[in-house]
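J.: Have a look at this one before I ask anything.
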Amino acid sequence: MTSGLLVSCGGGETEQTSEGSGTPVRGEIIVIHQLSDPEGLNPIVTNDAGGRAIFDRVFEKLLDLDFETTDMIPQLAESRPVVSDDHLTYTFTLKDGIKFSDGTPLTSADVVFSFKAVKNPLVIDAAPLRSYYMDVADVVAKDSRTIIFTMSKPYFLAEYFLGSLWILPKHIFDPNNQTDGYSFAETNDLGKAQANTSMKAFADYFNSSDVKRSTKLNIGSGPYVFDEWKTGESVSLRRNTSWWQEGKDTWNPAYAEKLLYRVVNDRAIAVNALKNGELDFMEFVPPTKFEEEVDTVRTPHLSKYAFPTQSYLYIGWNMNRPVLSDKRVRKALSHLVDRDALIRQVVRGLAVPVNSPIYQERPEYDTTIKGIQFDPTTARALLDEAGWADSDNDGIRDKVINGKKTNLAFTFLLNSGNEMREQIALIISDECRKLGVEAKLKRLEWSVFLDNLRTRNFDAYIGGWVNDPIDSDPYQIWHSSQADNKGSNYVSFRVPRADELLERNRTEFDVEKRRAYMREFQQIIVDEQPYTFLWSPLYPSAYNKRLQNVRYSYVRPGYNPTQWWVPKAQWKYSVAQ
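Residues 767 to 1343 in the working numbering are what the sequence shown spells out, letter by letter.
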């Protein structure tokens, strides 16, 4: 899964591992591994990392991040915005000659539409993204190329988020101008939204599976267009031959004729496909296979590189579940996680332990926080203190809750095909059993897994968040308002002081004050233990050496296939002209 949780690693491009020899050529199909079908193709209602890695090649934003430096740079906009002294007004000017892939000009009306779509509170699956635009009071198209944004209050990341929304075509998604029937003021008031027929009609349509999945509806202005989605098999993109930025975008030259994201939900099978030349790139090779099976001596056509990420893995505990509502229980379960052993055994050392939701290299990270150590003795004492005992000698602790004897039992929810998470859950389950805690495993297909998280239909799960290289704003994951309406606060964490700190952080432009807020916030998280924090992984990637110019970056997803090209002598799927 992915998140707007935004932290910085303090760096840009990590390493260039394939320089590329000769002159780049256009053509050929590049086949990229995808563990499961993306949640969707529409960027406003899709919130998973796999989906973003694909649709980021199709849609564009006002601003982008430089692949090397991670600095904000213009994409659709001529330049970064003009900002008022009070940080409430941001004025953007679009570049001249922008067109969607169907030839229709992209204008300020499309920008206004895109913001109205994400701001509509009745568009349910936009909730994670919408949390960053809650203080947008108005968006006005001054003319066809000028857009004026007004904030209801200052937000220290306003420029970044105003610039980072993907712009969708109004003529495709709103041909009847339903979004003209409501104002931005109405989007900030749920009661007014529910009373507005235009708002409801648009939301009903935009919530549909067609909007989320259709390759025909989801037209962008970027270097690629959606070609075909074969459910359970692949998503293909083809080069936008009429791209308005052809030859002008340094970081997106779009050499490949097609990018084919092939779904292989068993990574062992995917590794064999990589070795056999059926896949060109695999973002994450299981660490044991990365070290033992991707042998670049025996398979000299492959190259491998473990690239650093701004992501972290964790166990999420549903605080609404009676057996997990007591922080002493959550702390006890954290003490049953031998994190150091898991890093050695499961990920072969390709990870760095994390102790809070703030990236360790950020200055706002609280270095005084110590990780919860593997300590079954302390775990046993905490469970005893919380009143859990094996009253009937059946090997499982129990307790009377609301007049009913309840076993200390829960189920780990996992996404199918993710053998690393399954290994983690199995090892922890065994430790739980030794202390009289019953932990089971349940595997679900990716989109169903995500839906269960969003509807809070789980006890515990193993998940991950991917971060952007900017200052920390954990509001999307941790504010209590995001525990409802399918927001990203899946574990239903609700602490008033944490809410206050998150709110202050957003409106504070004094860096030192923000750091103080974030350090106190981290202490609350550690004390409450809604997550058991595991580690930030190095992504063990591998690719066929026929790919030239493979580079890695802290800009999501950490690589960019629009930069890759294949020498004609190594084409397999296309006929060289």
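Just so you know, even glycine gets a beta-carbon here, dropped at the ideal spot from N, CA and C. Since this is a predicted model, take the numbers as computed values, not measurements.
#1: Skipping 5 residues on each side, what residues in its chain have a beta carbon closer than 6 Å to that of tyrosine 754?
#2: Would proline 809 pass as a contact of tryptophan 1331 if the rule is Cβ separation under 8 Å?
#3: So what does DSSP say about glycine 986, is it helix, strand or coil?
#4: Is DSSP giving glutamine 1314 helix, strand or coil here?
#5: List, from N- to C-terminal side, the alpha helix (DSSP H) runs of 4 residues or more that fit wholly inside the stretch 888–965.
#6: Quick check for students: name the residue ranges of the alpha helix (DSSP H) that lie wholly in the stretch 1135–1202, counting only runs of 4 or more.
#7: Given tyrosine 1339, which residues of its chain have a CB within under 7 Å of its CB, disregarding the five upstream and five downstream residues?
#8: If we count the other Cβ atoms within 10 Å of its Cβ and call it buried at 16 or more, is histidine 1067 buried or exposed?
#9: Is tryptophan 1301 closer than 8 Å to proline 1074 when the C-beta atoms are compared?
#10: Going by the DSSP bridge assignment, what does isoleucine 1081 pair with across the sheet?
#11: Can you round the beta-carbon distance between glutamate 1197 and leucine 1102 to whole angstroms, since I take them to be within the 8 Å contact cut?
#12: Name the two residues that bound the continuous alpha helix (DSSP H) containing serine 1213.
#13: Determine the extent of the beta strand (DSSP E) in which leucine 1003 is found, giving its start and end residues.
#14: Return yes when the Cβ of leucine 1268 is within less than 8 Å of the Cβ of phenylalanine 1287, no when it is not.
#15: Can you check the stretch 1019–1077 for any alpha helix (DSSP H) of at least 4 residues that lies completely inside it and give the ranges in chain order?
#16: One question on the structure: do valine 1029 and aspartate 803 come within less than 8 Å of each other, judged by their Cβ atoms?
#17: Quick one: grab the DSSP three-state call for glutamine 800.
#18: Give the C-beta separation of tryptophan 1017 and asparagine 1326 to the nearest angstrom, bearing in mind that I take them to be a contact with Cβ-Cβ under 8 Å.
#19: Straight-line CA distance for leucine 772 to glutamate 1049?
#20: Determine the burial state of threonine 1221: buried for a count of at least 16 other Cβ atoms within 10 Å of its Cβ, exposed for fewer.
#21: Helix or strand or just coil, what does DSSP make of arginine 1285?
#22: What does a CB cutoff of less than 6 Å around proline 887 pick up in its chain, not counting 5 residues either side in sequence?
#23: What does the alpha-carbon distance come out to for the pair lysine 1093 and serine 897?
#24: From this set, Arg1260, Pro1240, Asp1239, which residue's C-alpha is nearest alanine 1249's C-alpha?
#25: Among Phe968, Ser874, Tyr1241, which one has its Cα closest to the Cα of arginine 1263?
#26: In angstroms with no decimal places, state the Cα-to-Cα distance between threonine 873 and proline 1323.
#27: In angstroms, rounded to a whole number, what distance separates the CA positions of valine 884 and alanine 1098?
#28: Can you tell me where the beta strand (DSSP E) holding isoleucine 839 begins and where it ends?
#29: Just how far apart, CA to CA, sit glycine 1082 and tyrosine 1256?
#30: Valine 849 by DSSP, collapsed to three states: which one?
#31: Can you give me the Cβ contacts of phenylalanine 821 inside the same chain, cut-off strictly under 6 Å, excluding the 5 residues immediately before and after it?
#32: With a threshold of 8 Å on Cβ separation, who are the neighbours of glycine 869 within its own chain once the five nearest residues in sequence on each side are excluded?
#33: At which residues does the beta strand (DSSP E) containing valine 1118 begin and terminate?
#34: In the DSSP assignment, find the unbroken alpha helix (DSSP H) run with aspartate 876 in it and report its ends.
#35: Which same chain residues end up closer than 6 Å to arginine 1209 when comparing Cβ atoms and leaving out the 5 residues on each side of it in sequence?
#36: Let me know the secondary structure DSSP gives aspartate 1239 once reduced to three states.
T.: This is what the structure gives:
#1: The requested residue 754 is not part of the displayed model; the chain covers only 767 to 1343.
#2: Translated into positions along the sequence shown, residue 809 becomes position 43. Translated into positions along the sequence shown, residue 1331 becomes position 565. The answer is no: Cβ separation not under 8 Å.
#3: For the purposes of this step, residue 986 is taken as residue 220 along the sequence shown, with counting starting at 1. Three-state DSSP puts glycine 986 in coil, outside helix and strand.
#4: In the sequence shown, counting from the first residue as 1, residue 1314 sits at position 548. In the structure shown, glutamine 1314 sits in a strand (DSSP, three-state: E or B).
#5: 893–896, 924–929, 936–939, 950–953, 956–961
#6: 1142–1151, 1185–1200
#7: Reading the sequence shown from its first residue, position 573 is the one you call residue 1339. If we look at tyrosine 1339 and ignore the five residues flanking it on each side, its Cβ neighbours are Glu794, Ile795.
#8: In the sequence shown, the residue the question calls residue 1067 occupies position 301. Answer is exposed; the Cβ neighbour count stays below 16.
#9: Here residue 1074 is taken as the residue at index 308 of the sequence shown, counted from 1. Here residue 1301 is taken as the residue at index 535 of the sequence shown, counted from 1. Cβ distance not < 8 Å, so proline 1074 and tryptophan 1301 don't count as in contact.
#10: Numbered from 1 along the sequence shown, position 315 holds the residue referred to as residue 1081. DSSP output for isoleucine 1081 lists Ile1228, Thr1298 as bridge partner(s).
#11: What you label residue 1197 is simply residue 431 of the sequence shown in a count that begins at 1. What you label residue 1102 is simply residue 336 of the sequence shown in a count that begins at 1. The pair is a contact, with the Cβ atoms about 4 Å apart (cut-off 8 Å).
#12: Numbered from its first residue, the sequence shown carries residue 1213 at position 447. That run of the alpha helix (DSSP H) goes 1212–1220.
#13: By 1-based counting over the sequence shown, the position of residue 1003 is 237. Start and end: 1000–1005.
#14: Against the sequence shown, residue 1287 aligns to sequence position 521. Against the sequence shown, residue 1268 aligns to sequence position 502. Result yes, Cβ atoms of phenylalanine 1287 and leucine 1268 sit closer than 8 Å.
#15: With a minimum length of 4 residues, the continuous alpha helix (DSSP H) runs that stay inside the stretch 1019–1077 are 1033–1041, 1053–1058.
#16: Along the sequence shown, one-based indexing puts residue 1029 at 263. Along the sequence shown, one-based indexing puts residue 803 at 37. In this structure, aspartate 803 lies closer than 8 Å to valine 1029 by Cβ.
#17: Indexing the sequence shown from 1 puts residue 800 at position 34. It is a strand residue.
#18: If you number the sequence shown from 1, residue 1017 lands on position 251. If you number the sequence shown from 1, residue 1326 lands on position 560. Rounded, the Cβ-Cβ distance is 7 Å, consistent with contact.
#19: Translated into positions along the sequence shown, residue 772 becomes position 6. Translated into positions along the sequence shown, residue 1049 becomes position 283. Residue confidence is low: leucine 772 scores 28 on pLDDT, short of 50, so the model does not pin down where it sits. Its coordinate-derived value is still stated next. Those two C-alpha atoms are separated by around 21 Å.
#20: For the purposes of this step, residue 1221 is taken as residue 455 along the sequence shown, with counting starting at 1. Its Cβ having fewer than 16 others within 10 Å, threonine 1221 is exposed.
#21: In the sequence shown, the residue the question calls residue 1285 occupies position 519. In the three-state scheme derived from DSSP, where H, G and I count as helix and E and B as strand, arginine 1285 is classed as helix.
#22: Residue numbering aside, residue 887 sits at position 121 when the sequence shown is read from its first letter. Here the set comprises Leu956, Ala959.
#23: Start at 1 with the first residue of the sequence shown, and residue 1093 comes out as number 327. Start at 1 with the first residue of the sequence shown, and residue 897 comes out as number 131. C-alpha separation (whole angstroms): 27 Å.
#24: Within the sequence shown, numbered from 1, the residue matching residue 1249 stands at position 483. When each option's Cα is compared against that of alanine 1249, the closest is Arg1260.
#25: For the purposes of this step, residue 1263 is taken as residue 497 along the sequence shown, with counting starting at 1. Tyr1241 is the residue among Phe968, Ser874, Tyr1241 whose C-alpha sits nearest the C-alpha of arginine 1263.
#26: For the purposes of this step, residue 873 is taken as the residue at position 107 of the sequence shown. For the purposes of this step, residue 1323 is taken as the residue at position 557 of the sequence shown. About 28 Å.
#27: Position 118 of the sequence shown, counted from the start, is the residue given in the question as residue 884. Position 332 of the sequence shown, counted from the start, is the residue given in the question as residue 1098. Using only the alpha carbons, I get a separation of about 40 Å.
#28: Taking the sequence shown and counting its residues from 1, one reaches residue 839 at position 73. That run of the beta strand (DSSP E) goes 838–840.
#29: Translated into positions along the sequence shown, residue 1082 becomes position 316. Translated into positions along the sequence shown, residue 1256 becomes position 490. Their backbone Cα atoms lie some 8 Å apart in a straight line.
#30: In the sequence shown, residue 849 corresponds to position 83, counting from 1. In this structure, valine 849 counts as strand in the three-state DSSP scheme.
#31: Position 55 of the sequence shown, counted from the first residue, corresponds to residue 821. Excluding sequence positions up to five before and after phenylalanine 821, its CB lies within less than 6 Å of the CB of Leu807, Pro809, all in the same chain and listed in chain order.
#32: Taking the sequence shown and counting its residues from 1, the one referred to as residue 869 is at position 103. Same-chain partners within the cutoff: Ser1008.
#33: For this step, residue 1118 is matched to residue 352 along the sequence shown. Counting along the chain, the beta strand (DSSP E) containing valine 1118 begins and ends at 1117–1119.
#34: Numbered from 1 along the sequence shown, position 110 holds the residue referred to as residue 876. It spans 874–885 - the alpha helix (DSSP H) in which aspartate 876 sits, taken as one unbroken run.
#35: Within the sequence shown, the letter at position 443 stands for residue 1209. Leu1180, Ser1182.
#36: Here residue 1239 is taken as the residue at index 473 of the sequence shown, counted from 1. It is coil, neither helix nor strand.
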